[in-house]
Structure formats: structure tokens, C-alpha cells
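**Q** Can you read through this structure? Questions will come right after.
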Amino acid sequence: MASAAPADLRPHRAPESAPKAPRRRDIQGLRTIAVLMVVLFHARLPIPGGFTGVDVFFVISGFVITGMLHREWVTTGGIRLRTFYLRRFMRLAPALGLLVAVVVLISVVLQSPYGPQQSVATTGLGALLMSANLVIANAAGDY
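Per our numbering, numbering of the sequence shown is gapless, rising by one per residue and ending at 1391.
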């Protein structure tokens, strides 16, 4: 005789990921402003505080990721960090790979093969392994 377990004790399969939230136009606008700040700063235009666009990106990322993790917690009752980091990597890896390939190709054409070209290749490999900051700090002795 099998008896039905109460609903809260039945094993259930958690969904693969929490449902996606709709894109927020206010956050997208803030992201656009941050991109412009960084691009104009690197173009050497006299934009005071243009470098703070990077800080704005960190804040936006924290906001968006916290929302994603909260939705997963509410939906599944837990957070799978391994799955989270794998999704992040799979989202970033194609663009990162393309960027590194383009930069390395440009350096082959425009830079000396003895110094700068080797540095670009080493830093590019570090970027592909998500450790470019460590590679740069190790090479320079300081950041």
C-alpha cells in the first residue's frame, strides 16, 4: 500500500535555472552612460572622472547578479555556484576569445615580434584563462 506523501515532502526536480527577469531600461541606460564614460576617457578627451565608468559597471554587475541569484534561490530553494560560474564563463568566453584573437592578429601586423608581440600573446593567454591581471602584475612587478 503506497500512501501519498504530503506535498512539501515529495521529491521534486529543480528547474535548470531561475526564470529570466525582463531587461530593465534604466539599468541599460546606466550601462550605456558607463560605456561612453570609459570610451571617452580612453580617447583622451577632457572628461573629468571618465574612469568611474568602470566602477559603475561593477555596481551594475553586482545588482544584476544579486537579482539572478535571488531568483534562483526563490525558485529552486538554493544556489548552485558551479552552474552559475559555468553559465558566466559560457556567456563571456566567445566574445573574449574573439577579442583576444583580434588583438593578437593586430599585434602580429603592427608590433615587433621580440618584445611587445610576446607580451600581447602572454597577456592574451592570461585573458583566455581569466587571469590577465595576475599575468600583468607578475610581468610588471606592480599594477
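Heads up, the beta-carbon is just placed ideally off N, CA and C, and yes, glycines get one too.
Which of the three DSSP states is assigned to GLY1325 in this structure?
**A** coil
**Q** Are the CB atoms of LEU1334 and ILE1327 within a distance shorter than 8 Å?
**A** Contact: no.
**Q** So, with DSSP's three-state summary, where would you put ARG1258?
**A** Any reading at ARG1258 must be qualified, since the residue scores a pLDDT of 40, below 50, and its modelled position is unreliable; the value itself is stated next. Correct three-state label for ARG1258: coil.
**Q** For GLU1320 and SER1360, what's the separation of their Cα atoms in angstroms?
**A** 49 Å
**Q** In chain order, which continuous runs of the alpha helix (DSSP H) of length 4 or greater are located wholly inside the segment 1283-1335?
**A** 1300-1324
**Q** For GLY1298, I'd like the list of residues in its chain whose CB is within less than 6 Å of its CB, leaving aside the five on either flank, ordered along the chain.
**A** MET1285, LEU1288 and PHE1289
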